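The structure under discussion appears below in the form of structure tokens.
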């Protein structure tokens, strides 16, 4: 590989790593806040259980908007380019998370507070939907075939870093007195997102478009016709809907256990088992640390044995852990 290629792929991987860090930081941050503080802040009139369930319902809104964002920004990636689209999604994620940290509570503006919270959560999920897929796509399109697994896995460790950051910051703010935590302390992690976005935007601004996208645009120019061509996203959904549906089901199998372990377990352990929030947050951090070498190991294995075998092994392991 040439020195130019190595320098380029390093920038691409670092950019995806930073983007994944911020994405998971923002997403898990909201989940932890839903489990620990959003109930009394935005749903104070309900019982503690109902308030927590309402907080989790607002958390779930992001999962509804996420596939919509993936479709929208996926199409934009084929028209505006991968780089420009990812600049929008990364900046949008940081802006929305910052605004969540600025929200007045129910005590200040009444029912408008939870309404704004749900709207911002919807927008956060929408931006995340374009961010993760777009960032990983850039890595895959730049990476040589025999290195795609390990480079993709290395980029995905950024998500673990984001989880560590979110959990670590919440560990710090939960040491505040309860009154201070509910007044201003909970805002600090959300406001920090604006600072975390800056290095990611800088790295992405320095990237070039992927070779695949440049070839795609060149082919488009060659095959240009007078009549309007079918949108790529429409064509893919129409022709590959079975594969898309299968991947959605597979992603459910990954995402549900993850958020059960990192979000629901925090609320359940603190409210039902009486475990201190600090203790369960440390457990979440420890599991993130264990996952670092596993990401890289299975990425290397996917390059050697194929993605299918590695995925089947992981799925069976997760299924076994459920029992």
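Numbering (my numbering), first residue to last: -8 to 314. Built from N, CA and C at the ideal position, the CB exists for glycine as well. These numbers were taken from a predicted model, which means no experiment stands behind them.
In the structure shown, what three-state DSSP assignment does residue 295 receive?
Residue 295 falls in the helix class under three-state DSSP.
Residue 34 (DSSP reduced to helix, strand or coil):
The answer is coil: DSSP assigns residue 34 none of H, G, I, E or B.
Taking the beta carbon of residue 196 as the centre, do at least 16 other beta carbons fall within 10 Å, making it buried, or is it exposed?
Exposure of residue 196 is indicated by the presence of fewer than 16 other C-beta atoms within 10 angstroms of its C-beta.
Is it true that the segment 90 to 98 meets the segment 179 to 193, where meeting means three or more beta-carbon pairs spaced less than 8 Å apart?
Three or more beta-carbon pairs drawn from the segment 90 to 98 and the segment 179 to 193 are found closer than 8 Å, and the two stretches are therefore classed as touching.
Determine, for residue 280, whether the minimum Cβ-Cβ distance to residues of chain B falls below 7 Å.
Of the chains in the structure shown, none is chain B; there is only one protein chain.
Between residue 15 and residue 153, which are expected to be in contact by the criterion C-beta below 8 Å, what is the C-beta distance as a whole number of angstroms?
Indeed they touch by this definition, with Cβ atoms about 3 Å apart.
For the segment 147 to 200, which segments carrying the alpha helix (DSSP H) assignment without a break, of at least 4 residues, lie completely within its bounds, in sequence order?
Listed in chain order, the complete alpha helix (DSSP H) runs (minimum 4 residues) inside the segment 147 to 200 are 178 to 196.
Pull up the distance between the alpha-carbon of residue 38 and that of residue 111, whole angstroms please.
Pairing residue 38 with residue 111, the inter-Cα distance amounts to about 24 Å.
Kindly indicate which three-state DSSP category residue 115 falls into: helix, strand or coil?
In the displayed model, residue 115 falls within a helix according to three-state DSSP.
Apply the 10 Å Cβ neighbour rule to residue 209 and answer buried if 16 or more other Cβ atoms are within range, or exposed otherwise.
Exposed.
Are the segment 105 to 120 and the segment 188 to 207 in contact at 8 Å, needing three or more beta carbon pairs?
Taking 8 Å as the limit for Cβ pairs, the verdict is that the segment 188 to 207 does not touch the segment 105 to 120.
Compute the distance between the beta-carbons of residue 136 and residue 293, then report whether it is under 7 Å.
Contact flag unset, no.
When DSSP labels each residue in this structure, what does residue 263 get in the three-state scheme?
It is coil, neither helix nor strand.
Between which two residues does the alpha helix (DSSP H) holding residue 39 run?
Run containing residue 39: 39 to 70, per the alpha helix (DSSP H) assignment.
7 Å Cβ cutoff met for residue 9 and residue 191:
Cβ atoms of residue 9 and residue 191: closer than 7 Å.
Less than 8 Å between C-beta atoms, sequence neighbours within five positions excluded: which residues of the same chain meet that for residue 34?
If we look at residue 34 and ignore the five residues flanking it on each side, its Cβ neighbours are 41, 42, 45, 46, 97, 105.
Residue 11 burial status per 10 Å Cβ neighbour count (16 or more: buried)
The residue is buried, with at least 16 neighbouring Cβ atoms inside 10 Å.
On the CB-based measure, 16 or more other CB atoms within 10 Å of its CB, does residue 51 come out buried or exposed?
Burial call: exposed.
From residue 74 to residue 56, what distance separates their C-alpha atoms?
In a straight line, the C-alpha of residue 74 is about 22 Å away from that of residue 56.
Please classify residue 308: does DSSP put it in a helix, a strand, or coil?
The three-state secondary structure of residue 308, taken from DSSP, is helix.
Judging by CA-CA distance, which residue of 239, 148, 231, 79 is the nearest neighbour of residue 289?
Selected option, being the one with the closest Cα: 148.
Contact check, residue 276 vs residue 155, beta carbons under 7 Å:
The beta carbons of residue 276 and residue 155 sit closer together than 7 Å.
CB of residue 6 within 7 Å of CB of residue 194, strictly
It is a contact, given that the beta carbons lie within the stated cut-off.
Quick check on the burial criterion: 16 or more other C-beta atoms within 10 angstroms. Buried or exposed for residue 176?
Label assigned to residue 176: buried.
Residue interval of the alpha helix (DSSP H) (run including residue 313):
Where residue 313 is concerned, there is no enclosing alpha helix (DSSP H), given that its DSSP letter is neither H nor E.
What residue range is occupied by the uninterrupted alpha helix (DSSP H) comprising residue 82?
First-last of the alpha helix (DSSP H) with residue 82: 73 to 93.
What did DSSP end up calling residue 140 once you bin it into helix, strand or coil?
Residue 140: helix per DSSP, three-state reduction.
What whole-angstrom Cβ distance do residue 122 and residue 81 have, given they're in contact under 8 Å?
Between residue 122 and residue 81 a beta carbon distance of about 6 Å is seen, short of the 8 Å cut, so the two are scored as contacting.
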